[in-house]
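Have a look at the structure below, then the notes.
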Amino acid sequence: MYHHLLRDASFWLFLFAVDQDIAESTHKEACTCGGRLHRANYPRKPRGGPDDLPEPYCYRLSFCCDRDGCRRRVTPPSVRFLGRRVYLGAVVILVSAMQQGPSPRRVRELSDLFGADRRTITRWQVFWREQFPQTPFWKAARGRIAVEIGTLPRTLLDLFLTSPDDNQGWMRLLRFLSPITIAGGLSIEGSP
Ligand SMILES: [Zn+2]
C-alpha cells in the first residue's frame, strides 16, 4: 500500500532535496527591485509524517529581499507543504485518495494511520471536490490531463505513480501540484 512509503524518513529526505533544488533556482534570481534574496525560512510544524520526520521539516524554505524599503518575501513552490495546510502535502493527497475507489478506507482507519481527525479529512475532500477544480492552476492543467473532478486526487496518484513505492512518481506528482503551494496559488478566479 501507498502509505508504507510515507512512514519512511528517507522518502521525506528525498522530497526535501527536491525542495532545496527548487529553492536554489529561486535564490539565484534577483528581487524585482534588483535587490538580493537572503534566506528567510519560516517555521512549520507539519503533521501526518512519521515520528522520525527529518529536522528540515520544521521550516519552509523562503527568501527575503535585502533592500530597505523593499524586503519583499519570495517563497518558492514546495513538494512538501501544501500551502498553509498543517498536514504534509503527500498526506493530504494520500488520505483523500484512500477514501476513494473500489475499496475505500474508513475514516477511523485513516485517522489511526495519519492522526487527522474526521473534520480535517472532510475538509480535504471538500478541497479536492470544490476548491481545487476552481483554481487557475487546474483550469490550465485539465486540458492536458483527462481526469474527472469527482475522482480527484485518486486518479492523479494512478496517473503519476507506477507502483506504491514509486518515489519518483510522487516527486512528479508533487512537482506538478507545486504551483498551488505558493501565495495566491489557491486563489479562485473571480475572488480577490
Ligand atoms: Zn526587493
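Heads up: the sequence shown at position 103 corresponds to 1437 in my numbering, and the numbers run straight through without jumps. Every residue, glycine too, gets a C-beta built ideally from N, C-alpha and C.
Contact check, Val1408 vs Phe1397, beta carbons under 8 angstroms: yes
Closer than 7 angstroms: Gly1369 CB and nearest ligand 1 heavy atom: yes
Residues sharing a beta bridge with Arg1373, DSSP: Phe1397
Closer than 7 angstroms: Arg1406 CB and nearest ligand 1 heavy atom: yes
Pairwise C-alpha distance: Gln1434 and Asp1355: 33 angstroms
Beta-carbon proximity list for Thr1360, same chain, < 8 angstroms, skipping 5 on both sides: Leu1371, Phe1397, Val1408, Pro1410
Pairwise C-alpha distance: Ser1412 and Thr1515: 6 angstroms
Nearest-angstrom beta carbon gap, Phe1466 and Leu1491 [assumed within contact, 8 angstroms]: That pair is no contact at about 14 angstroms.
Euclidean distance between Cα positions of Ala1474 and Asp1342: 33 angstroms
Bridge partners - Val1408, DSSP secondary structure assignment: Phe1397
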